[in-house]
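S.K.:
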Amino acid sequence: MFRKALGTLQGATAAARVRGSHGARTRAMRWLARLGMVLLATSALAAPATAQVMTITNASPSFYTGPGQTITFTFSYGQSNAITNSISLSGTSVPVSNFSCGGLPLAPNGSTTCTGTYTTTSADAWGVLLFGGFTALDGNGTPRGGQISNRYVVPNGDTPPQAQAFALVSSVSENGGQPLRFQVGLNKLAATPVTLFYTLGGTASAGSDYTPPGGSVTLPLGAMNWEVTVNPIGDATYEPNETVVVNIAPGTGYTIGSPASATGTITNDDAAPLPDLSISDVTVAEGNTGTSTATFTVNLGSPAPAGGVSFDIATANGSANAGSDYVARSLTGQTIPAGSSSYSFNVLVLGDTTFEANETFFANVSNVSGAALVDGQGLATITNDDAPPQANISVAPASVTEDGAVNLVFTVNMTSPVASATTVNFEVLGSATAGVDFGAIGTSVTVPAASSSAIIVVDPIVDTLFEPDESVSIGLLAGTGYQVGALQGASGTILDDDLQAQTITFANPGAQNFGTSPTIAATSDSGLAVAFTSATTAVCTITSGGVLDFITAGTCTINADQAGDATRAPAPTVTRSFTVNAVAPGAPTTGTATAGDGQATVSFTAPASNGGAAIIGYTVTSSPGGFNATGPTSPITLTGLANGTTYTFTVTANNSAGTGSASAASNAVTPAAPITLGPTTLPASTVGVAYSQAVTANGGVAPHAYAVTAGALPAGLTLGSNGVLSGTATAGGTFNFIVTATDSVTAPGPNSGSRAYSLTIAAASVALAPASLPPGMVGTAYAATLSANGGTAPYTFAVTAGVLPPGVSLSSSGAMSGTPATAGSFNFTVTTTDSSSGTGPYTASRPYSVTIANAVPVARNSTASVAYGAAGVIALDIDGVVDTVSIGTAPAHGTVSVSGTTATYTPAAGYAGADSFSFTAANDGGTSAPATVAVSVGGPVISVTAGGGMAAQVGVPYTQTFAWSGGRAPFSGFQVTGLPAGLSVTGTTSDTATVSGIPTEAGSFLLVATAIDASTGEGPFTGSAGFNLSVSAPTLALVPGASSFDAGYDTAFSQSFAASGGVGPYSYALSGALPAGMTFNGDTLS
């Protein structure tokens, strides 16, 4: 800002008079220039010579806690260069009352103290802000505007403000030239200027991905928000999108609120380069059997681009050969899909057990599309994992005869085929001598290439010498290309096959009786045991040890033999024959004697020995009485016995040698007449009806006992031992059974007689009660009892059709109980079953219908939060089945609608704060008690934006419109403070304030734009934001410009100057010295 400079140039030049000629004027101006005169024009800027300043020095109280409190502000005012008659406030954020200043009018350079009061209202939710300007009238009544030099905030004394962060522009391109825009600020006014700190995070790196802002902003009094811009640093590198996170950091005068951070994204706009493609090498152990897998990996230096990467891949031989060492493979059109970075190519390696060098083969990548081929050949190394083969030796057969055609064959076995011919060394040991007992065999054998064995043949040399058996042993020795295995030696035997003769001595034993088992003996002069065989096995047999067994009478012939051994030849057979004599047979074995009517039948088995001759007949003898009966075989019947007499019997056998001994006595029997039963049929009965019927017996020996011996009686009936059938039947149907009567004979009796009966039991009739069942309610215990009669107790009960109400069950005893869980009408059938058997059990069924009503629903109080100006969906807290929900008391500050058990609450336009409504829930069981939903409607987020640039110039018309969004229009109390002189609020709408004018003051000005919305409830709410306005100095022009003037000596001269640019009126100042006789006054040189 230029200060006004007034200069007066007076006097006249005595040395010269300016003449009218052009040349004289020019020379005079050049002379003035040489004197160093400079003329300066300055703008007055619509202000007194010295700026007028008023300062807020105090506010009491410095905190307030609610509406209705009076705050007194104290102002200090000092002025210069002008008498001050009156002072009035302008541009303050609150309407100050009782403004007064003492000591007016003030003389120049005086000072005074002014006061004003303000009474808080409910709209002052966060603080009272006083700032702006004032107008002082000088002694001439001319307004002299000025600024209040500081701002004063009286905060609400509840809690410090909370710092928050928001993203205004949350996504920009890396090379797009536009910044990310964030807003940091407070949720309410602060008592003092607040320095708000923030940190930067995210995946983007400061300095390389973006230019970091300062890390803090200072919010002046009255400002709540500040804009932070983050400018991306462009590059040509393809990379992922990156984030910048502005995080509120701890500081003084505020706490960290929510949201405490805001995130912006710098999107990559560089094309992705083609990824490098290479293939790995691989090493795989060969293995002994089957296959192993060599896995080559085709790798990309970065994930495949859109469209993926394609290529061909195939194997190629190195030192390994396809088919014998690995399985060849060739693929075309293989792909790595977009976003992936690797591909696996598997090749099967064929295992073997051959000891050999490591081998190699290749995997070649070709015809690559979508990637840059860096390394297209992968090397696979098949490592040999086979130890040198082990040499083991075995012999087969283990022995051979000296004079035989078979040789001892020793086999050298390698544990795996040898890759080349391998010589295996050995030594020969044993009792046999090479060249004498067998042909020479050397000291080594060769295993051919690709083979795993070789043989050594030992060929015995034939002789006739009786001698011991001899051994040939071969032991393997160490050599090249193999190891000696665990079976390093083998031994075979050459058996001597030259034998000695021998002679048997065997005496005849003479005649023998049948039934004996004599032992005979024989010897050999070799000392070897003699073996016996029978030449007449139909007459006799013999064990190899000489024990005889006679089969029948006749001539027995026995042979004696000795088979020889390794040193003895078989002996000639010696034969001896002798007679076997017959004897009387043995005693038969008695079986069972069975009595009849005046007779008995005896069974028996033949004696163990027939005495060596065939049995020609048997004789049965009774005791007592001595009655006899004969027959050729068993059984034999004796007649003529007395009924009621007890008999036993013996049996003898007869052959050509005579009669044998008698058998043991048989069991005792008593002959008797047969037993018969009556009646022939039984009368029928009915289930549940008493029954009695006697069965009687004739024949046998009294008394008789009765029993059911086959089939079964109807359940409930019994047969007494006296023959009376009685009881009450519990089973229906036709029952077949046999009754047997037993007499009193003790040996071998008793005797018995039986009759088959068929008894019919008719079915019973069963009835079920009650006729109907009572209703119930969900959640309330239910009970009912079912009963039955007729048929056979006890009864069981079951649901046989339909379903019971859920939660209710029917016991088998007929008790119906439980707590119903579901409402509705339930139809079901109950069937009762008695305990009858046979054609039973018998049943009865009855249909029932039970109605279950719902339990009355329970509605509960609840709370809900709803965003400012937005509908909120609220789940009502209700237990139980709900048919309808009704709103009771409607909300006072909004509307509510119900769908099912969900309510939608919509706050009234512009309302923030508490609200509530009540509701009831109903079903077929009744209506719940009312419940209340307490609703909390949140406050708005108010933003302030500038519609144009924040740069102006002194003297140039400037207009800026600030717009408020969020909250509820219309806004009021528009304030824009910190304006430079010449600018003011010139117009407002429901949500904008327009600042315009011609700036008369240059510099950087912090503007704070504030307005109060029209919210109700906890509102209204204040929205403010700070902006930096840069006002550049004006460009002044002076006419005429720099020049020289011609003035004639002692001649009148006058030159006027005119200024443009800036703001008039202009003042002019002169530097340097004028010629004598010249003066400068106002804007004229003369």
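Residue numbers (mature numbering (1 follows the signal peptide of the UniProt record, and there is no 0)): -46 to -1, 1 to 1040.
Each residue gets a CB set at the ideal place from its N, CA and C atoms; glycine is no exception.
Which residue or residues does DSSP assign as beta-bridge partners of residue 532?
M.R.: Taking the first residue of the sequence shown as position 1, residue 532 is located at position 578. Beta-bridge pairing links residue 532 to 510.
S.K.: Tell me the rounded alpha-carbon separation between residue 453 and residue 439.
M.R.: Numbered from its first residue, the sequence shown carries residue 453 at position 499. Numbered from its first residue, the sequence shown carries residue 439 at position 485. Each residue's alpha carbon lies about 40 Å from the other.
S.K.: Between the alpha carbons of residue 815 and residue 886, how many angstroms are there, rounded?
M.R.: Locating residue 815 in the sequence shown gives position 861, where the first residue counts as 1. Locating residue 886 in the sequence shown gives position 932, where the first residue counts as 1. Residue 815 and residue 886: Cα-Cα distance of roughly 5 Å.
S.K.: Applying the criterion that 16 or more other CB atoms from any shown protein chain within 10 Å of the CB defines a buried residue, is residue 1026 buried or exposed?
M.R.: If you number the sequence shown from 1, residue 1026 lands on position 1072. Classification of residue 1026: exposed, given that the 10 Å Cβ count is below 16.
S.K.: At a cut of 8 Å, does the region 971 to 983 reach the region 953 to 960 through at least three beta carbon pairs?
M.R.: The region 971 to 983 is in contact with the region 953 to 960.
S.K.: Give, in chain order, every unbroken run of the beta strand (DSSP E) that is at least 3 residues long and sits entirely within the region 881 to 931.
M.R.: Listed in chain order, they are 885 to 891, 897 to 900, 905 to 907, 912 to 919, 926 to 931.
S.K.: Could you tell me the distance, in whole angstroms, from the CA atom of residue 259 to the CA atom of residue 237?
M.R.: Taking the first residue of the sequence shown as position 1, residue 259 is located at position 305. Taking the first residue of the sequence shown as position 1, residue 237 is located at position 283. Residue 259 and residue 237: Cα-Cα distance of roughly 30 Å.
S.K.: Quick one: Cα of residue 633 to Cα of residue 584, how far?
M.R.: Against the sequence shown, residue 633 aligns to sequence position 679. Against the sequence shown, residue 584 aligns to sequence position 630. So the alpha carbons of these two residues sit roughly 43 Å apart.
S.K.: Among residues of its own chain, excluding the 5 on either side of residue 862, which ones have a beta-carbon nearer than 7 Å to its beta-carbon?
M.R.: Position 908 of the sequence shown, counted from the start, is the residue given in the question as residue 862. The residues are 847, 848.
S.K.: List the endpoints of the continuous beta strand (DSSP E) containing residue 31.
M.R.: Here residue 31 refers to the residue found at position 77 of the sequence shown. Run containing residue 31: 24 to 32, per the beta strand (DSSP E) assignment.
S.K.: Which of helix, strand or coil does DSSP assign to residue -10?
M.R.: Start at 1 with the first residue of the sequence shown, and residue -10 comes out as number 37. Below a pLDDT of 50, predicted positions are generally treated as unreliable, and residue -10, at 32, falls in that range; the measurement from the model is reported next regardless. Correct three-state label for residue -10: coil.
S.K.: Please list, in chain order, all residues of the same chain as residue 444 whose beta carbon is under 8 Å from its beta carbon, the five residues on each side excluded.
M.R.: For the purposes of this step, residue 444 is taken as the residue at position 490 of the sequence shown. Excluding positions up to five away in sequence, the list reads 347, 348, 349, 364, 427, 428.
S.K.: Quick check on the DSSP output: the beta strand (DSSP E) that includes residue 368 runs from which residue to which?
M.R.: As a position in the sequence shown, residue 368 is number 414, starting the count at 1. That run of the beta strand (DSSP E) goes 362 to 368.
S.K.: At which residues does the beta strand (DSSP E) containing residue 424 begin and terminate?
M.R.: One-based indexing of the sequence shown puts residue 424 at position 470. Start and end: 424 to 431.
S.K.: Whole-angstrom Cβ separation of residue 245 and residue 303, contact assumed at under 8 Å?
M.R.: In the sequence shown, residue 245 corresponds to position 291, counting from 1. In the sequence shown, residue 303 corresponds to position 349, counting from 1. Indeed, because the Cβ distance is near 6 Å, the residues count as touching under 8 Å.
S.K.: DSSP state of residue 496, grouped into three classes?
M.R.: In the sequence shown, residue 496 corresponds to position 542, counting from 1. In this structure, residue 496 counts as strand in the three-state DSSP scheme.
S.K.: With DSSP run on the structure shown, which of helix, strand or coil describes residue 186?
M.R.: As a working mapping, residue 186 is identified with position 232 in the sequence shown. Three-state result, residue 186: strand.
S.K.: With a CB to CB cut of under 8 Å and the five nearest residues on each side skipped, what residues in its chain are close to residue 500?
M.R.: Taking the first residue of the sequence shown as 1, we reach residue 500 at position 546. Closer than 8 Å at Cβ, skipping near neighbours: 473, 474, 475, 476, 486.
S.K.: So the candidates are 269, 406, 635; which of them puts its Cα closest to the Cα of residue 378?
M.R.: Indexing the sequence shown from 1 puts residue 378 at position 424. Of 269, 406, 635, the residue nearest in Cα terms is 406.
S.K.: With H, G and I counted as helix, E and B as strand and the rest as coil, what does DSSP make of residue 414?
M.R.: Taking the sequence shown and counting its residues from 1, one reaches residue 414 at position 460. Reduced to three states, the DSSP call for residue 414 is strand.
S.K.: Tell me, which residues are paired with residue 770 by DSSP?
M.R.: Counting from 1 along the sequence shown, the entry for residue 770 is found at position 816. 738, 764, per the DSSP bridge assignment.
S.K.: Kindly confirm or deny that the region 819 to 837 and the region 924 to 942 touch, where touching means at least three C-beta pairs closer than 8 Å.
M.R.: These segments do not touch.
S.K.: Taking the alpha-carbon of residue 142 as reference, which of 169, 167, 110, 126 has the nearest alpha-carbon?
M.R.: Taking the sequence shown and counting its residues from 1, the one referred to as residue 142 is at position 188. If we check each option's Cα against that of residue 142, 110 comes out closest.
S.K.: Taking buried to mean at least 16 other C-beta atoms within 10 Å of its own C-beta, is residue 719 buried or exposed?
M.R.: Your numbering for residue 719 matches position 765 in the sequence shown. Residue 719 comes out exposed.
S.K.: Can you name the residues that DSSP bridges to residue 454?
M.R.: Here residue 454 corresponds to residue number 500 of the sequence shown, with the count starting at 1. 522, per the DSSP bridge assignment.
S.K.: Residue 810 by DSSP, collapsed to three states: which one?
M.R.: Reading the sequence shown from its first residue, position 856 is the one you call residue 810. Residue 810: coil per DSSP, three-state reduction.
S.K.: Let's see if you can read the secondary structure: which residues bound the beta strand (DSSP E) around residue 985?
M.R.: The residue given as residue 985 occupies position 1031 in the sequence shown. Taken as a continuous stretch (DSSP letters only), the beta strand (DSSP E) holding residue 985 covers 976 to 986.
S.K.: Buried or exposed: residue 989, going by 16 or more other Cβ atoms within 10 Å of its Cβ?
M.R.: Against the sequence shown, residue 989 aligns to sequence position 1035. The residue is exposed, with fewer than 16 neighbouring Cβ atoms inside 10 Å.
S.K.: Rounded to the nearest angstrom, how far is the Cβ of residue 489 from that of residue 511, given a contact under 8 Å?
M.R.: For the purposes of this step, residue 489 is taken as the residue at position 535 of the sequence shown. For the purposes of this step, residue 511 is taken as the residue at position 557 of the sequence shown. About 4 Å; that satisfies the 8 Å criterion.
S.K.: Output the boundary residues of the beta strand (DSSP E) element that contains residue 123.
M.R.: Here residue 123 refers to the residue found at position 169 when the sequence shown is read from its first residue. Taken as a continuous stretch (DSSP letters only), the beta strand (DSSP E) holding residue 123 covers 116 to 123.
S.K.: What are the start and end residues of the beta strand (DSSP E) that includes residue 952?
M.R.: The count along the sequence shown starts at 1 and reaches residue 952 at position 998. Counting along the chain, residue 952 falls outside any beta strand (DSSP E), and DSSP gives it neither H nor E.
S.K.: Any contact between the region 501 to 509 and the region 582 to 598? By contact I mean 3 or more CB pairs, one from each, below 8 Å.
M.R.: No, they do not touch.
S.K.: Check residue 178 in the structure and name its three-state DSSP category.
M.R.: Start at 1 with the first residue of the sequence shown, and residue 178 comes out as number 224. DSSP places residue 178 in coil when its eight states are reduced to three.
S.K.: Roughly how many angstroms lie between the CA atoms of residue 116 and residue 195, to the nearest whole one?
M.R.: Position 162 of the sequence shown, counting from 1, holds the residue named residue 116. Position 241 of the sequence shown, counting from 1, holds the residue named residue 195. So the alpha carbons of these two residues sit roughly 31 Å apart.
S.K.: Can you list, in chain order, the residues of its chain whose CB lies under 8 Å from that of residue 70, leaving out five sequence neighbours each side?
M.R.: On the sequence shown, position 116 is the one that residue 70 refers to. Cβ neighbours of residue 70 beyond the five flanking positions: 26, 27, 29, 43, 50, 51, 52, 53, 54.
S.K.: Would the region 734 to 753 and the region 774 to 785 be scored as touching if the rule is three or more Cβ pairs under 8 Å?
M.R.: Yes, the region 734 to 753 is in contact with the region 774 to 785.
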